[in-house]
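In our numbering, the protein residues as written are 29 to 486.
Structure (structure tokens):
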């Protein structure tokens with residue numbers, strides 16, 4: 029009876045308080061499909077005008093009826109129940125976006141549903157050994173038991189996957205996260221600016237005909253056959269990029285030792301539409317090239333000394349004795365004490381640090397260039413760790429460039445898979461969210477607007 033009453037309220041177009049903690053604002057238009065904007069009350073009050081413009085753009089451009097659910101601090105189960113109700117309503121829910129301070133499910137007992145993540149849940153703290161995952165919201169059949177809310181990070185809720193639950197992911201809806209990579213009040217301004225960018229992109233969509241794909245060090249064991257064969261699949265999915273007016277660059281980390289600078293320039297190209305990164309990663313870092321293969325005896329010596337200095341500093345920082353560490357490497361590699369010279373001199377530490385820093389792209393680097401690709405795939409570990417500050421995919425989304433939508437992983441991810449499978453659907457105007465419905469790993473998430481799509485070339 030309660031569900032029938034809710035459905036009747038939807039049909040009559042009333043603004044309805046579902047619970048004390050969740051308020052529903054009905055769509056302006058009635059369509060066969062719907063979308064939900066889930067936002068915390070504070071964020072909604074700070075950026076209400078931008079959220080309403082975002083809603084209007086989705087309704088007018090994408091033909092979706094958009095519900096707005098404003099949420100007080102509440103556990104994820106309550107939000108999921110409301111999404112299920114919208115899914116069962118006449119205007120069937122196809123997706124949702126979580127804006128601002130929306131609870132993050134931290135899933136336990138479910139590592140077999142990830143592509144690669146395996147961390148001992150008995151040995152490590154819950155914060156480290158749980159998987160931040162919005163599959164909790166998207167797959168209505170998965171059954172979980174609420175364990176507790178994190179005492180330090182109040183946005184995090186730990187859940188255990190029940191044995192009677194289905195043991196595979198099959199999403200009913202897609203979702204995206206619009207969560208600024210900062211914790212101070214500047215996040216509201218960042219969200220407002222980003223939503224204005226999304227609205228503008230919907231009004232003036234681009235044709236997907238210019239892209240690059242990058243493969244970093246250590247990826248799929250640095251097999252050149254694997255790297256070379258990927259271009260075959262991309263040519264089948266994006267034939268227009270191999271015609272006049274199109275462009276698809278295929279970049280391998282061994283092509284140049286200054287790959288960081290090259291990629292930053294590539295990302296800044298005005299006509300760029302899409303970028304794909306296959307590489308190792310961390311929460312705030314995209315690992316690009318690693319140590320270059322030495323081409324001379326002197327270069328080998330230089331690289332080995334840099335290696336020994338870094339190891340000595342690392343282990344001393346973690347409580348080991350200097351001589352103990354030296355003795356290990358001296359015995360292991362048959363070197364003498366001179367190979368460690370300068371390890372703790374300020375000038376050498378600075379030089380080594382700059383050398384290491386310039387091999388990779390870091391969150392701080394997003395202040396130095398303006399990425400132009402509207403869509404980015406981060407096929408890298410931890411780049412989508414949206415539960416931490418300064419997560420790098422969030423830096424791209426909320427940066428000064430044109431990035432609207434991305435996919436990234438909240439924990440580590442398997443390399444040996446077809447990461448860009450069916451990605452060619454995007455050139456036919458399919459939204460990132462609808463493409464992403466077939467990606468059923470716990471860790472892979474849309475960061476940014478999930479309704480984003482490119483213009484269909486006529």
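By construction, the Cβ of each residue, glycine as well, lies at the ideal position given by its N, Cα and C atoms.
A straight-line Cα-Cα distance of about 19 Å links residue 171 and residue 154. 310 is the residue among 177, 89 and 310 whose C-alpha sits nearest the C-alpha of residue 439. Under DSSP, the beta-bridge partners assigned to residue 187 are 135 and 174. Spatial neighbours of residue 193 in its own chain (CB-CB distance under 6 Å, excluding positions within 5 residues in sequence) are listed in chain order as 170 and 171. Around residue 320, the same chain offers 285 as residues with beta carbons nearer than 7 Å, after the five sequence neighbours per side are excluded. Looking at the backbone, the Cα of residue 217 and that of residue 128 are separated by about 11 Å.
Excluding its 5 nearest sequence neighbours in each direction, residue 480 has C-beta neighbours in its own chain below 6 Å: 432, 433 and 460, listed in chain order.
Residue 279 and residue 240 do touch by the CB rule: their CB atoms are close to 6 Å apart, below 8 Å. By the Cβ test, the segment 396-404 is not in contact with the segment 372-382, since fewer than three Cβ pairs between them sit closer than 8 Å. For the set 110, 344, 104 and 113, the Cα lying nearest the Cα of residue 135 is the one of 104. Under the three-state reduction of DSSP output, residue 321 falls in the coil class, being neither helix nor strand.
The beta-bridge partner set that DSSP reports for residue 265 is empty.
Each residue's CA atom was taken as its position, placing residue 444 and residue 246 some 12 Å apart.
With respect to residue 160, residue 391 sits apart: the two C-beta atoms are not nearer than 8 Å.
Contact between residue 88 and residue 119 is absent: CB atoms are separated by about 16 Å, not below the 8 Å threshold.
Per DSSP, the unbroken alpha helix (DSSP H) holding residue 224 starts and ends at 214-231.
Beyond the five residues adjoining it in sequence on each side, residue 380 comes within less than 7 Å, by CB distance, of 334, 337 and 338 in the same chain, given in chain order. A Cβ-Cβ distance of about 4 Å is found for the pair residue 230 and residue 85, placing them in contact under the 8 Å criterion.
For residue 435, the closest alpha carbon among the candidates 332, 473 and 81 is that of 473. A direct Cα-to-Cα measurement between residue 122 and residue 59 gives close to 12 Å.
Non-local C-beta neighbours of residue 424 in its own chain, meaning closer than 7 Å and more than five positions away in sequence, comprise 394, 399, 404, 431 and 434, ordered along the chain. The three-state secondary structure of residue 97, taken from DSSP, is strand.
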